[in-house]
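In our numbering, the protein residues as written are 207 to 357. Here the structure is laid out as structure tokens; the discussion comes afterwards.
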Amino acid sequence: MSKKLPLDTLQELARTQKEEAARRLGLLQSAQVGAHQKLDLLLQYRHDYAQQLQSLMAHGLPASQWRNFNNFLSTLDGAIEQQRAIVKQAGLRLDRGRGDWQHQARRLNSFDTLADRLRRQELAAQAKREQRDSDERAARKFIDRAAQPNF
């Protein structure tokens, strides 16, 4: 059946919206992964820096250098907390994006189901018409033969 249903336009629009939601979801996933990687990098950097401080303190460290290390570690801790907030926000945006994609997928599925139902109904109606036409032709043929005189 090549007849285009009005619902086909809605299906195409829903398919486009689902694909767009999937593209956005991919970007959100990449952003979340990037935010986690930055956090991991900051945590590793802090760990390494704290180990370096411990090592220097074991061998004796002037108070001014110790203050510099502590100030830097405090600044690094602030950056880590900011990055944790960014990771949390990225997770929330990802959850919303996932919900949007699921909504679009359900919407498309609903249109697909409705279109399939309409197509099946149309095919059934067409089969019924064809059967009726076939029955009418057979009945006419029978009546025509019965009306012809036998020789």
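Positions of the beta carbon are idealized from the N, C-alpha and C atoms, including for glycine. Here the structure is a predicted model, which is why all the values come from computation and not from measurement.
Gln243 counts as exposed, since fewer than 16 other beta carbons sit within 10 angstroms of its beta carbon.
Following the DSSP letters along the chain, one finds Pro268 in no alpha helix (DSSP H), marked with neither H nor E.
In its chain, beyond the 5 residues on either side, Arg313, Leu314, Phe317 have a beta carbon closer than 6 angstroms to the beta carbon of Ala220. In the three-state reduction of the DSSP assignment, Lys294 falls in the helix class. For Asp246, the closest alpha carbon among the candidates Leu300, Ala285, Ser340 is that of Ala285. Here the alpha carbons of Glu328 and Ala344 stand approximately 24 angstroms from one another.
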